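Just so you know, we're using the numbering used here here: the sequence shown kicks off at 202 and counts up by one. Even for Gly, the Cβ is constructed at its ideal location relative to N, Cα and C. Just so you know, these numbers come straight off a predicted model, no measurement behind them.
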Amino acid sequence: MYRLFCVTIILLITATGVSAAHFSLDDLDVAAYGKQYNSLPGPDAQDAALKESGTFEPFMKEARSVVDRYDLGSHVGMRLTHRHFSVKDGHIMAEEYGTYDERPSLITSSQALREAMGKRMIPASWILSRAEAPQMFEASNDEAVYEGSKLIQRSPEFLDAMAKLLDSHKLDSLLSVALLSRHSLASRGQQFYGEISFTMEASRQESVVQLWDEGTDRFKDSILTSWPLGVPREHKCTTTTWTRCDRERDGCHWPRTIRSHIKT
202 MYRLFCVTII LLITATGVSA AHFSLDDLDV AAYGKQYNSL PGPDAQDAAL
252 KESGTFEPFM KEARSVVDRY DLGSHVGMRL THRHFSVKDG HIMAEEYGTY
302 DERPSLITSS QALREAMGKR MIPASWILSR AEAPQMFEAS NDEAVYEGSK
352 LIQRSPEFLD AMAKLLDSHK LDSLLSVALL SRHSLASRGQ QFYGEISFTM
402 EASRQESVVQ LWDEGTDRFK DSILTSWPLG VPREHKCTTT TWTRCDRERD
452 GCHWPRTIRS HIKT
């Protein structure tokens, strides 16, 4: 009986294609990662393709049911799979807490794999396909990402279920499963998250997320780039992310995240 039990577990892992390696950077093929990430379309092209698909709303309805079944609504959502800017050889796209213009920020940039591992980065989002094992989209070292990652690792078949759902709606090239909750930059009151991705010079390309007061018009005329699949318990709010390309700034994208309070 013991031998049969072991064989069953091995077959399960093989069938789902998910293993512990997909929740750390230890065994990441960084060359393959860079090739895949740099081939991703920009947000405008992906947004247009998503709107043309006609399957987004029914997908989200089914995705919420899957997330509820695994009790992951406080952490998991969907992201529009797109490229901020290219990663350098041997680098990954990684997010960390810092300051920008003397303001608390979440800063995403191309970082050397060794440097990212030294900062305790782990995968925070995944590109899923029924034909291939999960591929990391971007990484983070936020404690909320660690919490969400541990929850998914307890039920790795969740990613397989999402891969099948994305495939059935033909959205696997447009949407990624992501851990959206963050502890290091929490909104308060009528604040929202505003993200600015820009290229100031060849050696400086960053995506900066900061808190902004509601009412500012800096982020209007934007496109959606992420969607929650539940209500983050620690904030009691929903999150929507927007992005637009400002033609007056070379290579600029201005995403917007709005947090609206929900009575509980």
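- The alpha-carbon of I323 is positioned some 20 Å away from that of A387.
- Per the DSSP secondary-structure output, A313 pairs in a beta bridge with H292.
- By the neighbour-count criterion, in which 16 or more other beta carbons inside 10 Å mark a residue as buried, E253 falls on the exposed side.
- In the displayed model, S350 falls within a helix according to three-state DSSP.
- Per the Cβ contact rule, the segment 256–275 is not in contact with the segment 314–328 (fewer than 3 Cβ pairs under 8 Å).
- Remark: three or more beta-carbon pairs, one from each stretch, lie closer than 8 Å, so the segment 305–319 and the segment 372–387 are flagged as touching.
- Using a 10 angstroms sphere on the CB of Q391, the tally of other CB atoms stays under 16, which defines it as exposed.
- Within the DSSP bridge table, the entry for S385 names no partner.
- Boundaries of the beta strand (DSSP E) harbouring L380: L376 to L380, taken from the DSSP string.
- S382 is the residue among F393, S382 and E407 whose C-alpha sits nearest the C-alpha of R280.
- The residue from L329, D368 and Y234 with its alpha-carbon nearest to that of P357 is L329.
- In this structure, the CA atom of L425 is about 7 Å from the CA atom of D248.
- Sequence-distant Cβ neighbours of A362 in its own chain, meaning closer than 6 Å and more than five residues away, are V267.
- Counting other Cβ atoms within 10 Å of its Cβ, E258 stays below 16 and is therefore classed as exposed.
- Taking the Cα of L360 as reference, the smallest distance to any Cα among E348, A379, K371 and H370 is reached at A379.
- DSSP, reduced to helix, strand and coil, places R265 within a helical segment of the structure shown.
- It is roughly 16 Å from the alpha-carbon of G395 to the alpha-carbon of P429.
- Contact between the segment 369–377 and the segment 407–421 is absent, with fewer than three C-beta pairs closer than 8 Å.
- DSSP places M322 in the coil class of the three-state scheme, outside both helix and strand.
- When secondary structure is reduced to three states using DSSP, A332 falls in the coil class, being assigned neither helix nor strand.
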